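Position in the sequence shown (from 1) plus 192 gives the number in the working numbering. All C-beta atoms, glycine included, are put in the ideal place defined by N, C-alpha and C. If you're wondering where the values come from, they're calculated on a predicted model, not measured in any experiment.
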Amino acid sequence: MYIDRAVIEINGGCNYTCKMCPQTTADGKTGARGKDWLKKMPLDMFEDAIRQTRPRVVNLEGSGEPTLNRDLPRYIEIVKKYDAKAYIFSNGLRMQGKFMRDCVDAGLDFYRFSIIGYNAETYSKWMSSPNFDRVVDNMKQMRSYATNCAVASYHLILNNDNLEYEKEQYLKLSEGGLVEIWKMHNWSGVYSEADTRNGKLKTCGRPFSPDIVIRAGGVDGETGAVHPCCQVMGNDDAATLGHMSKNTIEEIWNGPAYELLREQHSTGDFPDFCKGCDFLIDDPEVLVYSNHAKIDAMHGTDFSLSEYKPQ
């Protein structure tokens, strides 16, 4: 088993109710993800996951909001203890003041602010939050302080018919920093309103790649659920391939559920929790603009998902 990146969710819950995200809106109601998936991962399980996988890159979010875990700097310190890179994707609301400085000083390598909406009005509509100005200021303050940590912003096009204007607004918002602007995507078919891509389906490559996703929660009270990717959120139970609380990661990685998933991605007979996911569709235009991100590339990793797709 070789793992280049481990996405280890240290907190399953979130303080936002974004319109496009099945964390809270898979069925149009708050709490759609289910309470079993809203747990905090204990420090010892987190370290055990890193010890077992020995990745080069550790993402500390998965699907929940990592900054809700007040011990976040300690988790970052564990990542650095194993000489790995510490990456975080976050809404950024709590990334300010001493907490921000403690995270950076713990050795954080990369932090990405998710800002969906290019002004207070669109941000409030899509992220259900009045904190647009505060989050943008947090991003500016972090960029000023974090000399050894890359700070980026992530944005989604809200209306493809208005793409060029929205792109321009997002670029102004980023003020020349690291930025990535993507078209809206669907979460394994859960978000039916998304302006999804069209085209022939083929494997996304994730089940074959050196990338693993470990959740804080699990099914029926178990913890450390292993998922094929982050996009299955909203189908959490069905997409579970095993639990750290019951088996080693290598046992899960080489186990029957993971092997079945790989077979299904080889034949194109995708499981229900993958059907409808537009990550199965090649679309070179899905990345509208970035000065650092690339299609099929995971931040900080040495592999491309294109290596694991049939040509």
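Contact check, residue i vs residue j, beta carbons under 8 Å
i    : j    : result
V271 : R197 : no
H484 : A344 : yes
Y208 : N283 : yes
G289 : E269 : no
S380 : C466 : yes
G256 : C206 : yes
S482 : E372 : yes
Y337 : R293 : yes
N352 : C469 : no
V327 : I308 : no
H419 : T440 : no
E191 : M193 : No information on residue 191 is available, as it lies outside the stretch 193 to 503 that the chain covers here.
F305 : M331 : yes
G434 : A449 : yes
Top-ranked residue by Cα proximity to residue i, from the options
i    : options                   : result
M376 : S366, K394 and Y346       : Y346
P399 : N446, L355 and Y357       : N446
I444 : D429, A417 and D240       : A417
D263 : V411, I373, D236 and R225 : D236
P504 : V478, S498 and M425       : Residue coverage of the chain in this structure runs from 193 to 503, which leaves residue 504 outside it and unanswerable.
E358 : Y337, G368 and T314       : T314
S458 : D494, K501 and D470       : K501
Q423 : V411, D412 and V405       : V405
L348 : I200, Y194 and V478       : V478
R286 : N323, V480 and L350       : N323
Local conformation of residue i per DSSP, three classes
i    : result
F302 : strand
Y208 : coil
E442 : helix
D263 : coil
N378 : coil
S401 : coil
E257 : coil
F281 : strand
R243 : helix
R197 : strand
Y481 : strand
L393 : strand
I473 : strand
I268 : helix
K232 : strand
K501 : coil
Close beta carbons around residue i, own chain, < 6 Å, minus the five adjacent residues each side
i    : result
L472 : L393 and C396
G220 : Confidence at G220 is low in this model, with a pLDDT of 43, below 50, so its placement is unreliable and no value can be given for it.
Q456 : F462 and P463
S496 : D488 and A489
I195 : T245, P247, P402 and I404
K486 : none
A241 : I200 and I406
K231 : G204, A408 and G409
Y362 : Y310, H347 and I373
P476 : none
A312 : F324
7 Å CB neighbourhood of residue i in its chain, flanking five on each side removed
i    : result
K438 : E414
S366 : S345
W229 : G204, R407, G409 and D428
P258 : I202, N203, L252, L264, I280 and S282
Neighbourhood of residue i by C-beta distance below 8 Å, restricted to the same chain and skipping five residues each side
i    : result
K211 : T217, K317, W318, M319 and S320
G492 : R197, R248, V249, K277, Y279, D301 and F302
R243 : Y274
D494 : D196 and R248
Just to confirm the assignment: which complete alpha helix (DSSP H) runs, minimum length 4, are found wholly within the region 288 to 369? 289 to 297, 312 to 319, 324 to 337 and 355 to 366
Give the list of continuous beta strand (DSSP E) stretches no shorter than 3 residues that lie fully inside the region 404 to 469. Qualifying beta strand (DSSP E) stretches, in chain order: 417 to 419.
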